[in-house]
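Engineer:
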Amino acid sequence: MRLTKMVGRRLKEAPSDAVVISHQFTIRGGYARQVGSGIYSLLPLGKRVIDKIEKIIREEMNSIDGQEVLLPVVMPRELWDESGRYESVGSELLRFKDRTGKEMVLGMTHEEAVVHLARSEIVSYKQLPCMMYQIQTKFRDEPRSRAGLIRVREFTMKDAYSFHRSQEDLDVYYYKCLDAYKKIFSRTGLKNVSIVEADSGMMGGAISHEFMLNTPVGEDSLVLCSSCDYAANREIAVCKRQNVELSEELLPLEKVSTPSVKTIADVSSFLNKDQSKTGKAVFLVDENNRMIFVLIRGDLDVEVSKLKNLISSKELVPAEEGAILSIGCVPGFAGLIGAKLDDVIVVVDESIKNNNNIVVGANEKDFHYINFNFERDFSGKFIEGNIASVTEGDLCVSCGEKLNLSRGIEIGNIFQLGKKYSEPMKFTYLDNDQKEKFPIMGCYGIGVGRLFASIIEDCHDEYGPIWPSSVSPFDVQINALNYKKEEVKAFSDSLYNELSNKNIDVLFDDRDEKAGFQFKDADLMGIPLRIIVSPKTLKDSEVEFKTRDGSESKRISTNEIVSFIKKLLN
RNA sequence: CGGGGCGUAGCUCAGCUUGGCUAGAGCGCUACGUUUGGGACGUAGAGGCCGUAGGUUCGAAUCCUAUCGCCCCGACCA
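What follows is the structure, encoded as structure tokens:
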């Protein structure tokens with residue numbers, strides 16, 4: 000490719016709304032352009048990187064017996080009614096009508112479509128196990144897209160679905176796929192990937208892992224053990240809680256005056272009690288408008304996703320003050336004692352049960368109780384669970400060492416779905432015992448555009464991306480300095496042709512631009528190998544060879560440069 | 001959906017508070033010339049319904065109202 004003909008230009012300045020580095024370089028380097036919120040067009044340079052990434056994904060998916068298919072972007076509502084997700088998924092599922100008024104949806108993930116296909120094609124146990132995958136556009140009407148290609152509404156995703164006769168078979172395949180994912184991410188050049196246990200969220204199912212690129216710009220919080228390999232998304236992470244000593248003698252419950260003392264911090268200092276000797280009341284409302292009263296140790300925070308899983312709720316939002324008052328609780332002075340809890344789900348974190356003589360609200364303005372002991376002082380119905388957020392420095396459940404928090408971009412995830420889709424969608428096969436059975440499913444996703452952005456986040460310097468050769472838009476770049484000069488033009492043209500003829504992807508900067516200008520552009524395009532053809536070295540029958548990462552820079556004879564490059568690329 | 005910010009040239013932004021003549025700068029783009037190893041210089045150009053629609057006014061980029069879009073934080077997120 001001659002740069003004079005390539006569509007997509009480099010910009011000296013990034014648009015002001017590009018905040019994260021991958022977004023800035025994506026725009027500045029001429030890889031992609033924004034069309035709307037969370038909607039982008041890819042330019043040739045970006046498309047080439049994406050193609051390279053997809054090629055790696057295809058190879059690894061094929062190596063675990065995946066069969067590539069292509070499922071539709073637009074689907075009739077009925078298909079999503081079958082799985083129940085037309086109702087259960089929120090407004091991120093884009094619904095619309097076609098010209099006849101028929102209700103349609105835009106695919107945000109393709110379990111329904113693949114089961115529709117599989118149930119008509121897979122009828123016998125002899126066809127199992129089986130995996131189908133596709134690389135396809137998805138649309139999710141995200142409430143908030145952000146950070147360039149990291150969180151978008153329209154995006155390309157590789158999604159794979161496997162079908163099995165038994166849980167054991169799924170287990171085996173699941174870990175095979177996990178290995179394939181490791182290979183994919185290592186082949187794309189990512190250095191900093193963690194595999195964490197994850198919440199299965201709206202996909203349903205039991206076991207799930209996420210592949211996270213560790214970076215401060217990530218949207219997810221990860222809990223990583225400093226010593227063993229425990230790693231989990233904070234949404235489901237657990238820890239060994241240092242319990243407050245329980246040997247204390249139970250003291251009599253006593254109401255004390257705490258004028259205008261509302262927050263845990265204030266209560267703690269006013270009564271001179273450690274925050275771990277207080278109880279915090281948190282009020283939430285679920286999707287059915289039921290009130291949830293959560294009591295948790297004052298120094299801990301509620302992890303809403305853990306709470307959701309505990310009480311099987313889809314959505315929890317903070318309760319309004321009026322709703323709290325209506326169950327007899329006083330915000331700032333709320334506690335279990337005296338609350339009207341008939342229509343309330345009471346959830347008690349284990350940190351409360353394992354604690355004595357704590358301070359809780361008295362449901363009366365300016366009063367708290369001291370010496371509250373849950374088992375002794377509360378007799379109503381409640382659900383008990385571990386719903387506290389893990390924080391930095393908590394101890395690992397498996398080895399007892401300190402846990403660290405870090406941020407991550409979710410670049411892939413894998414789920415064991417079980418029969419969540421095969422059963423409601425009546426996908427059965429005939430087993431060798433003459434019985435109809437539902438296949439057990441797994442699903443496996445990778446966001447391709449997000450992976451593109453993640454590679455930039457992981458591999459760049461101040462001047463631009465440094466593409467790993469496996470995903471670089473071109474294998475090598477030629478910079479012709481003083482292209483107008485006859486000897487430069489003659490040699491660089493022939494070098495370009497010769498390399499191209501050897502099936503090497505060459506980007507040829509044949510513009511008559513100043514050296515500095517070309518080099519800055521080259522840095523933004525991040526091609527790992529660079530050949531500089533200029534009068535300076537040509538007079539000694541040499542060219543310069545440089546790597547984008549700065550690890551090498553040397554002169555090479557014009558006779559040897561082609562074989563040298565060829566050998567490097569192998 | 002809550003909070004905040006921004007819409008003026010392809011990009012970055014000034015002008016708006018205090019309304020006034022033909023709306024500006026830098027970068028980029030076109031032509032010519034001079035330059036030529038880390039984003040050169042000169043000269044001459046092209047490029048704008050100041051997001052959109054109403055309103056106030058003799059007069060609106062500037063004031064008012066509505067609306068649309070985009071970004072950031074939060075909520076949310078296979």
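Take the first sequence: its position 239, counted from the start at 1, is 238 in numbering that gives the first Met the number 0, and no numbers get skipped.
All C-beta atoms in this analysis are idealised placements derived from N, C-alpha and C, irrespective of residue type, glycine included.
Remember, predicted model here, so these are calculated numbers, not experimental data.
(1) In the DSSP output, what is Arg-94 paired with across the bridge?
(2) For the beta strand (DSSP E) holding Glu-53, just list the boundary residues, first then last.
(3) At which residue ranges does the stretch 292-358 contain complete alpha helix (DSSP H) runs of 4 or more residues, listed in the order of the chain?
(4) Whether or not the stretch 460-473 and the stretch 483-491 are in contact is what I'm after, with contact meaning three or more pairs of Cβ atoms, one per stretch, closer than 8 Å; do they touch?
(5) In terms of residues, what are the limits of the alpha helix (DSSP H) holding Leu-177?
(6) In chain order, what residues of the same chain have a beta carbon less than 7 Å from the beta carbon of Ser-144, not counting five sequence neighbours either side?
(7) What residues in its chain sit with their C-beta under 6 Å from that of Tyr-229, if we drop five residues either side in the sequence?
(8) How would you call Leu-494, buried or exposed, if buried means at least 16 neighbouring beta carbons within 10 angstroms?
(9) Taking the alpha carbon of Arg-57 as the reference point, which residue from His-109, Leu-568, Glu-543, Gln-135 has its own alpha carbon closest?
(10) Who does Glu-77 pair with in a DSSP beta bridge?
(11) Under the assumption that Arg-27 contacts Leu-523 (Cβ atoms under 8 Å), give the Cβ distance between them as a whole number of angstroms.
(12) Expressed to the nearest angstrom, what Euclidean distance is found between the alpha-carbon atoms of Met-202 and Phe-414?
(13) Report the option in Arg-529, Val-303, Gly-384, Gly-83 whose CA atom is closest to the CA atom of Asp-285.
(14) How about the stretch 546-560 and the stretch 504-513: do they share at least three Cβ pairs that are nearer than 8 Å?
(15) Under 8 Å Cβ to Cβ from Ser-123, same chain only, skipping five residues before and after it: list those, please.
(16) Lys-157: buried (16+ other C-beta within 10 angstroms of its C-beta) or exposed?
(17) Assuming Met-211 and Glu-409 make a contact with CB atoms under 8 Å, what is their CB distance in whole Å?
(18) DSSP puts Ile-439 in a beta bridge; with which residues?
(19) Can you look up Gly-515 in the DSSP assignment and give me helix, strand or coil?
(20) Just how far apart, CA to CA, sit Ala-571 and Asn-232?
(21) Just the C-alpha distance for Cys-328 and Leu-294, rounded to the nearest angstrom, thanks.
(22) Between the stretch 42-54 and the stretch 160-174, do at least 3 Cβ pairs fall closer than 8 Å?
(23) Could you spell out the range, first to last residue, of the alpha helix (DSSP H) harbouring His-115?
(24) Along the chain, where does the alpha helix (DSSP H) containing Gly-448 start, and where does it finish?
(25) For Lys-479, count neighbouring C-beta atoms within 10 Å of its own C-beta (all shown protein chains included) and say buried if the count is 16 or more, exposed if not.
(26) Would DSSP call Glu-573 helix, strand or coil?
(27) Going along the chain, which residues of its own chain have a beta-carbon closer than 8 Å to the beta-carbon of Ile-20, five neighbours each way excluded?
(28) Going by beta carbon distance, what residues of the same chain come within less than 7 Å of Ser-40, once the five residues before and after it are set aside?
(29) Am I right that Ile-357 and Thr-277 are in contact with their C-beta atoms under 8 Å? What's the rounded C-beta distance?
(30) Do Leu-70 and Val-113 come within 8 Å of each other at the CB atom, strictly closer than that value?
(31) Among Ser-533, Leu-44, Glu-391, whose alpha-carbon lies nearest the alpha-carbon of Cys-224?
(32) State the DSSP-derived secondary structure class of Gly-203, mapped to helix, strand or coil.
(33) Excluding the five sequence neighbours on either side, which residues of its own chain have a C-beta within less than 8 Å of the C-beta of Ile-526, listed in chain order?
Structural biologist: Straight from the coordinates:
(1) Residue numbering aside, residue 94 sits at position 95 when the first sequence is read from its first letter. Answer is Val-104.
(2) Locating residue 53 in the first sequence gives position 54, counting from the first residue. First-last for Glu-53: 43-62, but that is the alpha helix (DSSP H), not the beta strand (DSSP E).
(3) 303-310, 320-325, 349-352
(4) no
(5) Residue numbering aside, residue 177 sits at position 178 when the first sequence is read from its first letter. First-last of the alpha helix (DSSP H) with Leu-177: 166-186.
(6) Looking up residue 144 in the first sequence gives position 145. These residues qualify, in order along the chain: Ser-36, Gly-37, Arg-150, Val-151, Arg-152.
(7) Taking the first residue of the first sequence as 1, we reach residue 229 at position 230. Contacts found: Cys-395, Ser-397.
(8) The count along the first sequence starts at 1 and reaches residue 494 at position 495. With 16 or more Cβ atoms within 10 Å of its Cβ, Leu-494 is classed as buried.
(9) Here the question's residue 57 lines up with position 58 in the first sequence. Here the closest residue by C-alpha is Gln-135.
(10) Counting from one through the first sequence, the residue named residue 77 turns up at place 78. Answer by DSSP bridge pairing: none, since Glu-77 is not bridged.
(11) Within the first sequence, the letter at position 28 stands for residue 27. Within the first sequence, the letter at position 524 stands for residue 523. Indeed, because the Cβ distance is near 6 Å, the residues count as touching under 8 Å.
(12) The count along the first sequence starts at 1 and reaches residue 202 at position 203. The count along the first sequence starts at 1 and reaches residue 414 at position 415. Here Met-202 scores only 48 on pLDDT, less than 50, and its place in the model is too uncertain to base an answer on.
(13) By 1-based counting over the first sequence, the position of residue 285 is 286. For Asp-285, the nearest C-alpha among the options comes from Val-303.
(14) no
(15) Start at 1 with the first residue of the first sequence, and residue 123 comes out as number 124. Counting only Cβ-Cβ distances below 8 Å, and skipping sequence neighbours, we find Tyr-428, Leu-429.
(16) Counted from its first residue, the first sequence places residue 157 at position 158. Lys-157 is buried by the Cβ-count criterion.
(17) Start at 1 with the first residue of the first sequence, and residue 211 comes out as number 212. Start at 1 with the first residue of the first sequence, and residue 409 comes out as number 410. About 6 Å; that satisfies the 8 Å criterion.
(18) The residue given as residue 439 occupies position 440 in the first sequence. Per DSSP, His-163.
(19) As a position in the first sequence, residue 515 is number 516, starting the count at 1. Three-state result, Gly-515: helix.
(20) Here the chain covers residues 0 to 569 and nothing more, so residue 571 does not appear.
(21) Here the question's residue 328 lines up with position 329 in the first sequence. Here the question's residue 294 lines up with position 295 in the first sequence. Taking the straight line joining both Cα atoms gives about 13 Å.
(22) no
(23) Counted from its first residue, the first sequence places residue 115 at position 116. From DSSP, the alpha helix (DSSP H) with His-115 extends over 110-120.
(24) For the purposes of this step, residue 448 is taken as residue 449 along the first sequence, with counting starting at 1. 447-457 is the span of the alpha helix (DSSP H), which, as asked, contains Gly-448.
(25) As a position in the first sequence, residue 479 is number 480, starting the count at 1. What sits at residue 479 in the sequence shown is Ala, not Lys. Per the 10 Å Cβ criterion, buried.
(26) With the chain covering 0 to 569 only, the question about residue 573 has no answer from this structure.
(27) Locating residue 20 in the first sequence gives position 21, where the first residue counts as 1. Cβ neighbours of Ile-20 beyond the five flanking positions: Val-216, Ile-455, Glu-456, His-459.
(28) Counting from 1 along the first sequence, the entry for residue 40 is found at position 41. Ala-31, Arg-32, Val-34.
(29) Here residue 357 refers to the residue found at position 358 of the first sequence. Here residue 277 refers to the residue found at position 278 of the first sequence. Correct: roughly 6 Å between the Cβ atoms.
(30) Here residue 113 refers to the residue found at position 114 when the first sequence is read from its first residue. Here residue 70 refers to the residue found at position 71 when the first sequence is read from its first residue. Their beta carbons are under 8 Å apart, which means Val-113 touches Leu-70 by this criterion.
(31) For the purposes of this step, residue 224 is taken as residue 225 along the first sequence, with counting starting at 1. Per the Cα distances, Glu-391.
(32) Position 204 of the first sequence holds residue 203. Confidence at Gly-203 is low in this model, with a pLDDT of 49, below 50, so its placement is unreliable and the value that follows should be read with caution. Coil, per DSSP.
(33) Locating residue 526 in the first sequence gives position 527, where the first residue counts as 1. Here the set comprises Trp-466, Ser-471, Pro-472, Phe-473, Asp-474, Val-475, Gln-476, Leu-506, Arg-547.
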